[in-house]
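Residue numbers (the numbering used here), protein chains in the order written: chain A, 69 to 598; chain B, 75 to 291.
Even for Gly, the Cβ is constructed at its ideal location relative to N, Cα and C.
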Amino acid sequence: MLFERSDGLYAGWRTVWADWAVHFSYANVFAYRPIGDWFSSNPIFATAGFSYPFLADAFSGLLMRAGMERVWAFLLPSIAASLALVSLLYLFYALLLGSSRAAVLASTLFFTNGGAGFLLFARDLARWPSLQLLRFPPREYTYLPDHGIQWINIVSSEILPQRALLLGVPLALLVLIGILRYRRRGFENVSNAKLAVLGVLASLLLITHAHSYLALVLLCGMLFLFDLSHYRRWLVFAAAAALSSLALLILFYDQAGTARFVIWQPGWLANPVYGQHGPLWLFLWLNWGAFLPIAAVSIIRFRYYRDPLVLGGVLLFVACFLFRFQPHAWDNTKLLTWAHLLLCIPVTRYLQHLWSKRRAVSRCLAAILFLFTTTAGFLEVWRLTRTAEIAVRMWSTEEIGLAEAFRSVSDPLSLVLCSDHHHQWVSSLSGRPVLLGYRGWLASYGIDYSAVERNVRTMLQGGPGAAELMERYGVEFAVIGRSELQDYGAAEGYFRQHHELILEEAGYAVFAIRGSATREKPGEAGGAGK
Amino acid sequence: MKEKRCPGDAPEGRDGEETASQSKWSRRFDRPLDLAEAFLWIALLAVGTLIALTVFKEDSRRPRRTPQRAAEVSVEAEDLRVVARSGAFNFWLQPTTDFLSGRWSKDGQMFALGAQKGDWIELELPEREPGPYRLELLLTRAADYGIVSVSFNGVPIGEEIDLWSGQGVVPTGPLDLGRVELRGSGDVLRLEVTGKNPSASAPYFQFGIDGVRLTKQ
Chain A
69 MLFERSDGLY AGWRTVWADW AVHFSYANVF AYRPIGDWFS SNPIFATAGF SYPFLADAFS
129 GLLMRAGMER VWAFLLPSIA ASLALVSLLY LFYALLLGSS RAAVLASTLF FTNGGAGFLL
189 FARDLARWPS LQLLRFPPRE YTYLPDHGIQ WINIVSSEIL PQRALLLGVP LALLVLIGIL
249 RYRRRGFENV SNAKLAVLGV LASLLLITHA HSYLALVLLC GMLFLFDLSH YRRWLVFAAA
309 AALSSLALLI LFYDQAGTAR FVIWQPGWLA NPVYGQHGPL WLFLWLNWGA FLPIAAVSII
369 RFRYYRDPLV LGGVLLFVAC FLFRFQPHAW DNTKLLTWAH LLLCIPVTRY LQHLWSKRRA
429 VSRCLAAILF LFTTTAGFLE VWRLTRTAEI AVRMWSTEEI GLAEAFRSVS DPLSLVLCSD
489 HHHQWVSSLS GRPVLLGYRG WLASYGIDYS AVERNVRTML QGGPGAAELM ERYGVEFAVI
549 GRSELQDYGA AEGYFRQHHE LILEEAGYAV FAIRGSATRE KPGEAGGAGK
Chain B
75 MKEKRCPGDA PEGRDGEETA SQSKWSRRFD RPLDLAEAFL WIALLAVGTL IALTVFKEDS
135 RRPRRTPQRA AEVSVEAEDL RVVARSGAFN FWLQPTTDFL SGRWSKDGQM FALGAQKGDW
195 IELELPEREP GPYRLELLLT RAADYGIVSV SFNGVPIGEE IDLWSGQGVV PTGPLDLGRV
255 ELRGSGDVLR LEVTGKNPSA SAPYFQFGID GVRLTKQ
């Protein structure tokens, strides 16, 4: 997942490479900043407040603060959360499906989601018949965007890279299991204090994983609608959850992004706006394979339309195909993960039903349906086991050394001017806030960065007004490297002429910007639009 | 305390077991119904498979590839045996059907993913009649590829080859490396990463090989 070699820090998988750079930035907030300044500014967009669900990264940051090495501070919480996820998922399914075998089957279905991409693997195998293809599948068969397959395997696209989701799903499952057990007992011998604790636990999802919070709200709502006779007990749970949620909202989410988050966009990624022109049914078949038909048959056959959780799963699934819930449409997968988790219940039930008929034809059919549903996912998970060979370097040893040197000469809140390069070491490694971080992340949070981007360009190019802008933002350091030169046309000569060079290594020059007397408060400069 | 049943709980009784409410009629037709169910599923999966394979074969949504043909090779890179290599970089078959700026032989190349400066790989050619041959290499250029040097049976041949490209992933076409003397068996081609183009992007030092063309002199 994450490891060090002699020449740098490596991610074992491309999605970890892509996502963990920003998680490093967030964890650094808790590792290096004074406690009172944890939420004062966003580490990758210093003119706004820090409002990302931070709990998973806070654990890692605090471990780093306690002296643990960065790699282990990230790995240990992820390993613990993964174990919790597997255990709680098993318990959840066992509770609903009534047997350990069914729980194992449902968990397998959950972790090996994938569509019809395995048929392409069969074609590749026919074209290049070799053991090498089996040892290392040459493509990600659940991610073939050119063929419209984008429902990537949950392990590779969600569980490994998305630290918030990895902590959020087990937490939500814990609450659900608690509620289901209490509800099954008719809430007898369940004190209000226990329900209130569950409510507070549920609200913690707001600072852990917002999508899991939304899913849990919907599922609890569904459970409540099917159990109106105990409305007083539900109210206790809901009141505790609502009050603590409100407190968390006020504390951490007072400055939201500027973009509209929920937008009507039927078809999800099958919408023509994303370049897909095939019919929706084809998109569903290519991405989910036999999973959805099995789920549909099972829901009707076993009357799962009377089950609040499965019904909740169906509603989530339909909602994801009607609305875009985040500026980056692919992020609907975070809710689809929940829909998938719940729809695994009827799919398991149907496969279990076929298998239990003890007839060859039914068992063969169960096996074929299982393979059709899971092979692409199995291939993806198998491919993940080759991480040592497909590792991608995140930062070189020189960049890591430079980041440490920079940390020793700067304050935790020293604002840095640099490019928005995805793997900028300033915020990710040295833990210093940058004026403008990777725009892809900012856009996905709904942050309008256009004014700051223009100003960053002006400052890096050293043109008229650059000094005033640096003064206004309170820039204390500037980094000039390849990305600044190529992507922003930075004028290195300007900085060498006007500012003191304090570090120069690995192709980067770090300058101290003089005259930065004041630091602007979040929101002031970015909103000015200058 | 006995737990009461709620919607969403596991169904009671074992799946598939006959229940008292099941009618004689349904028991009588149980087996044919199972067969019909299986038939319907298999038909659905078969149709779905055909549709998916059709989509994979020719995706109409993608821009049409220029109708050029891949350069012919004598030996596919996939058929070269890896004798030895340095480092922990991966060397695997990469389908090239997604790269629209050219054609590779058999729509695939061997790709050195994650190679670093100084990494090398030795590839053994299949047995062939000994004698003098003109050796041409078919490599790949891309934004994150490095500069490689080539040697044959321990002797450096040709100039260093800069595999950087600013126009996406493209095949180099045949690169003439001059005349070599084949022993017939155990002939080893070695590629070594010696550097990177200043414009290269991370991870800088990768390379890809489509095949080898040998022409008897």
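Short of 6 angstroms from the beta carbon of Ser498 (chain A), and not among the five residues preceding or following it, lie these beta carbons of its own chain, in chain order: Ala471, Phe474, Arg475. Per DSSP, Gly246 (chain A) is one residue of the alpha helix (DSSP H) stretching across 231-252. Taking Pro121 (chain A) as reference, the option from A:Leu274, A:Arg540, A:Val172, A:Ser280 with the minimal CA-CA separation is A:Leu274. In this model, Pro213 (chain A) and Gly185 (chain A) are separated by some 11 angstroms (Cα to Cα). Taking a contact as a CB-CB distance under 8 angstroms, the pair Glu552 (chain A) and Ser487 (chain A) counts as one, their CB atoms being some 5 angstroms apart. The Cβ of Trp353 (chain A) sits closer than 7 angstroms to at least one Cβ of chain B. Bridge partners of Asp75 (chain A) according to DSSP: none are assigned. Annotated as proximal: Asn221 (chain A) and Asn181 (chain A), with beta-carbon spacing under 7 angstroms. Neighbours of Gln200 (chain A) in chain B, taken as residues at a C-beta separation under 7 angstroms, are given in chain order as Trp166, Leu167. Judged by DSSP in its simplified three-state form, Leu352 (chain A) adopts helix. Interface annotation, Ala184 (chain A): in contact with chain B, CB-CB separation under 7 angstroms. Inclusion of Gly216 (chain A) and Gln344 (chain A) in the CB contact set at 7 angstroms is warranted, their separation being smaller than that value. The three-state reading of DSSP puts Asn271 (chain B) in coil, since its state is none of H, G, I, E or B.
Val243 (chain B) sits close to Phe173 (chain B), with the two beta carbons spaced by under 7 angstroms. Within the DSSP bridge table, the entry for Asn96 (chain A) names no partner. Shortest Cα-Cα distance from Glu198 (chain B) to any of B:Ile231, B:Leu251, B:Phe226, B:Pro272 involves B:Phe226. The residue among A:Pro205, A:Val382, A:Leu131 with its C-alpha nearest the C-alpha of Trp450 (chain A) is A:Pro205.
Using a Cβ-Cβ cut-off of 7 angstroms, His215 (chain A) counts as an interface residue toward chain B, since at least one Cβ of chain B sits closer than that to its own.
Close to Glu152 (chain B), with beta-carbon spacing below 7 angstroms, are these residues of chain A in chain order: Trp196. The three-state secondary structure of Met538 (chain A), taken from DSSP, is helix.
Restricted to the stretch 281-341 of chain A, the alpha helix (DSSP H) segments that are unbroken, complete and at least 4 residues in length are 299-320, listed in chain order. Here Asn257 (chain A) carries a coil assignment [DSSP, helix/strand/coil]. Within chain A, Leu350, Trp353 have C-beta atoms less than 8 angstroms from the C-beta of Ile125 (chain B), given in sequence order. Between the stretch 268-284 of chain A and the stretch 228-245 of chain A there are three or more inter-stretch CB-CB distances shorter than 8 angstroms, so the stretches are counted as touching.
Ranked by Cα distance from Trp238 (chain B), the first of B:Gly188, B:Leu114, B:Thr214 is B:Thr214. In this structure, DSSP gives Tyr418 (chain A) a helical state, which the three-state scheme calls helix.
Of A:Trp356, A:Val90, A:Met69, the smallest CA-CA separation from Val139 (chain A) is found for A:Met69. Contact annotation for Ala144 (chain B) against chain A: no contact, minimum CB-CB distance about 14 angstroms [criterion: below 8 angstroms]. DSSP places Asn523 (chain A) in the uninterrupted alpha helix (DSSP H) bounded by 518-529. Distance between Cys288 (chain A) and Leu296 (chain A), taken at the CA atoms: about 12 angstroms. The beta-bridge partner set that DSSP reports for Asn164 (chain B) consists of B:Leu187. Residues of chain A whose Cβ lies closer than 7 angstroms to the Cβ of Gly182 (chain B) are, in chain order, Trp196.
Under the DSSP definition of a beta bridge, Asp250 (chain B) partners with B:Glu210. By the criterion of at least three beta-carbon pairs nearer than 8 angstroms, the stretch 331-348 of chain A is not in contact with the stretch 154-168 of chain A.
The stretch 78-86 of chain A makes no contact with the stretch 478-485 of chain A; the number of CB pairs closer than 8 angstroms stays below 3. Contact between Trp178 (chain B) and Pro245 (chain B) holds: their C-beta atoms lie close to 6 angstroms from each other, under 8 angstroms.
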